[in-house]
Amino acid sequence: MVLDNMNKIGIYKITNLINGKTYIGQTVNFRKRKRNHLNYLRNDSHHNSYLQRAFNKYGEKNFCIQFLEHCSIDKLDDLECKYIELYQSMVNQNGYNLLTGGQTYRTFSLEVRRKMSESRKNYKMTKEHCLNISKGRKGIRMPKESIERIKETKRNKRIQWGEENPNAIISNELAGEIINELYNDTPVKEIMMKHNVSQDTVYNLMYNRTYTTVKPELREKLKSRAKNNQSSKNEKAISMYLEGNSQNFISKELSISRNTLRRLLKELKIDTQIHKNQYVNTEVNNQIAKG
Numbered sequence: 001m002v003l004d005n006m007n008k009i010g011i012y013k014i015t016n017l018i019n020g021k022t023y024i025g026q027t028v029n030f031r032k033r034k035r036n037h038l039n040y041l042r043n044d045s046h047h048n049s050y051l052q053r054a055f056n057k058y059g060e061k062n063f064c065i066q067f068l069e070h071c072s073i074d075k076l077d078d079l080e081c082k083y084i085e086l087y088q089s090m091v092n093q094n095g096y097n098l099l100t101g102g103q104t105y106r107t108f109s110l111e112v113r114r115k116m117s118e119s120r121k122n123y124k125m126t127k128e129h130c131l132n133i134s135k136g137r138k139g140i141r142m143p144k145e146s147i148e149r150i151k152e153t154k155r156n157k158r159i160q161w162g163e164e165n166p167n168a169i170i171s172n173e174l175a176g177e178i179i180n181e182l183y184n185d186t187p188v189k190e191i192m193m194k195h196n197v198s199q200d201t202v203y204n205l206m207y208n209r210t211y212t213t214v215k216p217e218l219r220e221k222l223k224s225r226a227k228n229n230q231s232s233k234n235e236k237a238i239s240m241y242l243e244g245n246s247q248n249f250i251s252k253e254l255s256i257s258r259n260t261l262r263r264l265l266k267e268l269k270i271d272t273q274i275h276k277n278q279y280v281n282t283e284v285n286n287q288i289a290k291g
């Protein structure tokens, strides 16, 4: 992308060198505005979806940003309207502007926002688009100040782990107690009743999703064992299903959700319709056996 180094108050233009379409804008700091446009476009996060899609499609090298005319701040609105009309740069004409200009502190109307939202729905970037964005980012280094801010944010987040988190449900001490009980094969339901905690709380501890600083070595062993147990349970569930047991029966018998069972059947491409009659017969036999 060709860049103009002028740093002025006034009107600027972004031109698509392939099809000649333009975007007109006003600014009180051209250098900063230019930099912001490029950053947003390179990161695929520009507020103007029409301009963003064109940038993704044609690549940075096929766009030019240039300063058109210097003016005082009080003339910006009128001059912007003039150039938008001159270049016919509205999206329904020959450009990327969503508004007719002349609104320094403007907000998009509900209709415009609706259209912008609709234009982004189901939009997926092609490999070519991704490559163009990658090329645009190549060679760009993050400033040291930004790196330090990110590090500081991560350090602050560590303070929020466990009971220090304002949204914490249990204390670190109780988390440690539950972890010990899980490691000693205490049933999940028993733990829930004993400590008055939810199933999600227990499973999050089991799979090392929360309170990760509490008993870290034991947590890794517990997580690995839980995964192995889950794999065995999944295999047993499939075996029971193929033997003619219903999903509802298996779910209650093995304490797994029906959604999990459906997912397993789908992954293994097992046709549930084929076994439907078999389930009915098995359920009847089970009822007869129970007397």
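Per the UniProt record's numbering, residue 1 is the first one in the sequence shown, and the count goes up by one each step. The beta-carbon is built from N, C-alpha and C at its ideal position, and this holds for glycine as well.
Whole angstroms are fine: how far does the CA of Y40 sit from the CA of K227? Stepping through the sequence shown from its first residue, residue 227 is reached at position 227. Stepping through the sequence shown from its first residue, residue 40 is reached at position 40. For K227 and Y40, the distance between alpha carbons rounds to 42 Å.
Among G95, L51 and K61, the one whose alpha carbon lies nearest that of S134: Here the question's residue 134 lines up with position 134 in the sequence shown. It is K61.
Under a three-way DSSP split, which group does Y105 fall into? In the sequence shown, counting from the first residue as 1, residue 105 sits at position 105. Residue confidence for Y105 is low, a pLDDT of 44 falling below 50, so the modelled location carries little weight and cannot support an answer.
Under a three-way DSSP split, which group does C130 fall into? Start at 1 with the first residue of the sequence shown, and residue 130 comes out as number 130. Correct three-state label for C130: helix.
Using the Cα positions of K127 and K57, report the straight-line distance between them to the nearest angstrom. On the sequence shown, position 127 is the one that residue 127 refers to. On the sequence shown, position 57 is the one that residue 57 refers to. Rounded to the nearest angstrom, the two C-alpha atoms are 10 Å apart.
Nearest-angstrom Cα separation, counted from T27 out to E217: Here residue 217 refers to the residue found at position 217 of the sequence shown. Here residue 27 refers to the residue found at position 27 of the sequence shown. E217 and T27 have their C-alpha atoms some 56 Å from each other.
Return the Cβ separation of S89 and T22 in integer angstroms, given the expectation that the two are a contact with Cβ distance under 8 Å. One-based indexing of the sequence shown puts residue 89 at position 89. One-based indexing of the sequence shown puts residue 22 at position 22. The Cβ separation is near 5 Å, so the contact holds.
Per-residue DSSP class, three states only, for L79: For the purposes of this step, residue 79 is identified with residue 79 of the sequence shown, where counting begins at 1. It is helical.
State the start and end residues of the unbroken alpha helix (DSSP H) segment that holds E190. By 1-based counting over the sequence shown, the position of residue 190 is 190. Bounds of the alpha helix (DSSP H) holding E190 are V188 to H195.
Spatial neighbours of K144 in its chain, beta-carbon cut-off 6 Å, leaving aside the 5 residues before and after: Sequence index remark: in the sequence shown, residue 144 carries index 144 (1-based). Within the same chain, K144 has no close Cβ partners at all.
For I84 and Y12, which I take to be in contact (beta-carbon distance under 8 Å), what is that distance rounded to the nearest angstrom? As a first step, residue 84 is located in the sequence shown; it is residue number 84 there, counting from the start. As a first step, residue 12 is located in the sequence shown; it is residue number 12 there, counting from the start. With a Cβ gap of about 12 Å, I84 and Y12 do not count as contacting.
Contact set for L222: own chain, Cβ-Cβ below 7 Å, skip 5 residues either direction: Position 222 of the sequence shown holds residue 222. Answer for L222: I179, L182, Y183 and M206, listed in chain order.
Environment of G20 [buried if 16+ CB atoms lie within 10 Å]: Here residue 20 is taken as the residue at index 20 of the sequence shown, counted from 1. Looking at its Cβ environment, which holds fewer than 16 other Cβ atoms inside 10 Å, G20 is exposed.
Nearest-angstrom Cα distance between L76 and G25? Locating residue 76 in the sequence shown gives position 76, counting from the first residue. Locating residue 25 in the sequence shown gives position 25, counting from the first residue. Rounded to whole angstroms, L76 and G25 show a C-alpha spacing of 9 Å.
Do H70 and K8 come within 8 Å of each other at the CB atom, strictly closer than that value? Start at 1 with the first residue of the sequence shown, and residue 8 comes out as number 8. Start at 1 with the first residue of the sequence shown, and residue 70 comes out as number 70. Yes, these two residues count as a Cβ contact at 8 Å.
Classify E220: buried if its beta carbon has 16 or more other beta carbons within 10 angstroms, exposed otherwise. One-based indexing of the sequence shown puts residue 220 at position 220. Exposed is the call here.
According to DSSP, is Q66 helix, strand or coil? In the sequence shown, counting from the first residue as 1, residue 66 sits at position 66. In the structure shown, Q66 sits in a strand (DSSP, three-state: E or B).
When burial is assigned at 16 or more other CB atoms within 10 Å of the CB, is Q52 buried or exposed? Within the sequence shown, the letter at position 52 stands for residue 52. Answer is buried; the Cβ neighbour count reaches 16.
K82: which of N92, G101 and I250 sits nearest, CA to CA? Along the sequence shown, read from residue 1 onward, the residue named residue 82 stands at position 82. The residue from N92, G101 and I250 with its alpha-carbon nearest to that of K82 is G101.
Alpha-carbon spacing of H32 relative to A175, whole angstroms: Working through the sequence shown from its first residue, we reach residue 32 at position 32. Working through the sequence shown from its first residue, we reach residue 175 at position 175. Reading off the sequence shown, one finds Lys at residue 32, where the question assumed His. In this model, K32 and A175 are separated by some 50 Å (Cα to Cα).
Is the beta carbon of I250 closer than 8 Å to that of L265? The count along the sequence shown starts at 1 and reaches residue 265 at position 265. The count along the sequence shown starts at 1 and reaches residue 250 at position 250. No. Outside cutoff.
With distances taken Cα to Cα, identify the nearest neighbour of E173 among N245, N97, L131 and T213. By 1-based counting over the sequence shown, the position of residue 173 is 173. Ranking N245, N97, L131 and T213 by Cα distance to E173 puts T213 first.
Quick check: M193 and Q199, are their CB atoms within less than 8 Å of each other? Translated into positions along the sequence shown, residue 193 becomes position 193. Translated into positions along the sequence shown, residue 199 becomes position 199. The answer is no: Cβ separation not under 8 Å.
Output the distance between the C-alpha atoms of G244 and S231, rounded to the nearest integer angstrom. One-based indexing of the sequence shown puts residue 244 at position 244. One-based indexing of the sequence shown puts residue 231 at position 231. Roughly 20 Å separates the two Cα atoms.
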